[in-house]
Every structure is written in C-alpha cells, then in structure tokens.
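To start, the structure itself, in structure tokens.
Numbering (our numbering), first residue to last: 84 to 471.
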C-alpha cells in the first residue's frame, strides 16, 4: 500500500499504472525524458512493468503511450483528489463525513474524565471536590487548563501534599499525588526502654552502656525477646533507664526460587486481527472490529490523536529445553543474593552463604541462606504504672 506521507502526494494524488510494451525499458526512458516523475518501478514480466506516477501526469503518459503503441492500465488511485471525485455526486455523504470529523475534533478539545491517584490519607474524593471549586470538571475545555498552576495550587493549599503531577492525555486529565510522610515516633534518650531482638539469632557478643544484659554468648533468642533490661540498681533500689548498647548475633536470611528447565519460544504465524475505534463520552465506536479468536497472541497498541489502533498477532508457543542450566542457576543465586543484601548497612558482616539445589520433574528448586553477624537490638518503650 502506498503511504501518503507528504502534502504533495495528498494534493496531487498518485496513480499506480501498468504498461505493456515490446520494449518497456525504452518507454520508461521516454517518460523520463518527457519530465514524468516515476517511482517504484516493478518488473512483472518481460513485457509488463508497474510503476507509480503523479495523477497530474496521467493524461500525458497516456498520450505518449498512444504515440508509441504502448498499452497503459490504471491499477490504483490514491489521494484526496480521487476521494473528492468519487463522492462529488454524494454530497450528503461527503458533508456528513466532514461534519463527523469536525465533531470528533471538537469533542477531543475537552476533558471528559479526571483520574486522581493518591496514596494513604488523602482520598481522590477530597481532591475532586477541591478541583470542582476551581472550576475543573469533566467537560471543561483543555484551553482553560493550566497544569502547572493546578500542581502549584494543590501543593500550596494542602500541607499534606508534598508533590503533585498533572498531565493531559487525550481527553483525560491525570492527577498523581504524593503525600507528606509523618516522621516515626522516636523514643527520646531519657525515655525508659528495653533493648529487644528485631529478629531470631544466636548471640555472639553483648555490649551495654546502660541497662542490664539478660542474654549472653551462645544464647538463642527469638524476635521480640528482651536482650537488655532497662532497669539498674541493686534489689529493692532499682530504677528505670534508657537501655543502650549493642547485641551482636548470628542471623540467617533465606530466599528461594523455582526455575524451569525449559523456555517457551513464541513465534508469530502471520495471522492477525485488527480493531480501530475512537472514544466518545467513554464509549468505543468501532471503525474496524475483527474477531480475535487466537489462543495466544501479541497485542500492539498504536494510538493517534483521535483513533485507537489495536493489532493482534497470533503466536505459537514451542517448548525448548535449556542446554546450559548451570549458568541459569548461578545467575539465579546471584539475583537471590542481591535481593537479600540490597538493604544491608555497612555494619552487617556476611560470614557464610549456603546454597541448595534440588531437581524436581522439569523444575529446579534453589535456596540461598546468607549467614551474617549484626546488631539485633532495638529499643522498646517500657510501659509502667507509677505507684505512689
């Protein structure tokens, strides 16, 4: 199919012709000498060529062909010029088509939906209600929308909003809100607290600055268990303190993954179906709506200003065994290791890695355990009743 990719093509129109002559090469040269612009010359057989010319040169080509005894046949015509000629006797249809296009263009200049994406505490309803007071609602003209002013106003008038992004996409207004995070309630240094374990582990070393250690080297502790008691002093004269110190323990981080010993290869069969439509007031109006009965397919979406174009390519899936599974397994171990260690701080010391691989049917079950030494002590406020 010839693409009308420039104004010259649209204004003049193009014609695909077929010439039949004893010596078609000579006739092509004659056309060139007469200033005929020729493109996409294709040899069908020894006596027949097809080519593309401008519509305005067609009569001239036919005149030259008549002089040289060459047969010229018109195969296809493209361009607005031919569309107008085709429908000039159907004025109502032409007028309706133009009116329809203008109507779509007019409707596309308005916002028909407002999508609001928030996080935790602010509801989309609150933002939508606020936008209504500013005159922003479905049906508003795009020309009346200043996205930067909306972003600035949302942040200026809402202390909870730290960042706002407003974008116009087609006939949709998208608003994304990022909320200000409330800082965690930190325990003050003078608040009585214990040090408790934030995960299971085996105690290696205990350092205390304040408080009384209740665990020692070699003890196994569970998450939430008290490590350093926030009490000091002799029996009968105890007082509460803010426990401080470090409890180094051997802990374990484990992750697992299942790998297939094969991969699925997807190949297109050459069959495809297509849907072309536009949206008016949230409803799809189809220009082309092929039936998609493919079991497996690739979906390609190509959207223009007015029209949505969806192409479905049928694919066949074939199973292919993986020849080098060792590389795949080692790569998976690296991914697991990276996932485990990505949030480690510099104080965490990695002492061992335990790898385990089991083959089950057509799958590999892999497991990685990372053994580390780290401080597991975290403060926990002491809830007490003052006895007077």
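Beta carbons are placed, not taken as given, at the ideal position from N, Cα and C, and that holds for glycine.
- Taking a cut-off of 8 Å for Cβ pairs, the region 374 to 383 and the region 322 to 340 do not touch, as fewer than three such pairs fall below it.
- Counting along the chain, residue 104 sits inside no beta strand (DSSP E), nor does DSSP assign it H or E at all.
- Looking at 289, 310 and 293, the one whose alpha-carbon comes closest to that of residue 300 is 289.
- With contacts defined by Cβ atoms closer than 8 Å, residue 238 and residue 230 do not form a contacting pair.
- By the 16-neighbour rule on beta-carbons within 10 angstroms, residue 178 is exposed.
- By the criterion of a C-beta distance shorter than 8 Å, residue 217 is surrounded in its chain by 233 and 236, once the five residues flanking it on both sides are discounted.
- It is roughly 48 Å from the alpha-carbon of residue 212 to the alpha-carbon of residue 420.
- Assignment of beta-bridge partners to residue 276 by DSSP yields 325 and 464.
- The beta carbon of residue 307 sits closer than 7 Å to the beta carbons of 279 and 280 from its chain, once the five residues preceding and following it are set aside; these are given in chain order.
- The alpha carbon of residue 342 has as its nearest neighbour, out of 389, 411 and 101, the alpha carbon of 411.
- Distance from the CA atom of residue 204 to the CA atom of residue 302, rounded to whole angstroms, is 43 Å.
- Between the alpha carbons of residue 161 and residue 184 lies a distance of about 20 Å.
- In this structure residue 402 touches residue 347 by the C-beta definition: roughly 6 Å separates them, less than 8 Å.
- Per DSSP, residue 144 is one residue of the alpha helix (DSSP H) stretching across 141 to 151.
- Close CB contacts of residue 404 within its chain, under the 7 Å cut and outside five residues either way in sequence, are with 344 and 345 (chain order).
- Residue 294 and residue 433 have their C-alpha atoms some 29 Å from each other.
- Of all C-beta pairs linking the region 134 to 150 to the region 104 to 115, three or more are shorter than 8 Å, placing the two stretches in contact.
- Annotation note: the region 183 to 261 contains the following uninterrupted alpha helix (DSSP H) runs of length 4 or greater, listed N- to C-terminal: 207 to 216 and 230 to 240.
- Taking each of 338, 124, 188 and 131 in turn and checking the Cα distance to residue 450, the smallest one comes out for 338.
- Fully enclosed beta strand (DSSP E) runs of no fewer than 3 residues occupy 345 to 363, 366 to 372 and 380 to 386 of the region 336 to 395, in order along the chain.
- If you compare the alpha carbons of 429, 225, 408 and 250 with that of residue 446, the shortest gap goes to 408.
- Collapsing the DSSP output to three states places residue 123 in a strand.
- For the pair of segments examined, the region 97 to 112 was found to touch the region 145 to 161: the number of CB pairs separated by less than 8 Å reaches three.
- By DSSP's assignment, residue 284 forms a beta bridge with 304.
- Between residue 452 and residue 369, the C-beta gap is not smaller than 8 Å, which leaves the two residues out of contact.
- Here residue 309 is buried. Its C-beta has 16 or more other C-beta atoms within 10 Å.
- When the five nearest sequence neighbours on each side are left out, the beta carbons in the same chain lying within less than 8 Å of the beta carbon of residue 297 are those of 309, 310, 311 and 312, in order along the chain.
- When 393, 304, 227 and 365 are compared, the shortest CA-CA separation from residue 357 is found for 393.
- In this structure residue 225 is in contact with residue 193, their Cβ atoms being roughly 7 Å apart against a cut-off of 8 Å.
- In this chain, the beta strand (DSSP E) harbouring residue 135 covers 131 to 137.
- Straight-line spacing of the CA atoms in residue 319 and residue 326 works out to 19 Å.
- Boundaries of the alpha helix (DSSP H) harbouring residue 412: 408 to 424, taken from the DSSP string.
- DSSP lists no bridge partner for residue 430.
- By the neighbour-count definition (other C-beta atoms within 10 Å, threshold 16), residue 459 is a buried residue.
- Under the three-state reduction of DSSP, residue 156 is assigned to strand.
- Exposure of residue 188 is indicated by the presence of fewer than 16 other C-beta atoms within 10 angstroms of its C-beta.
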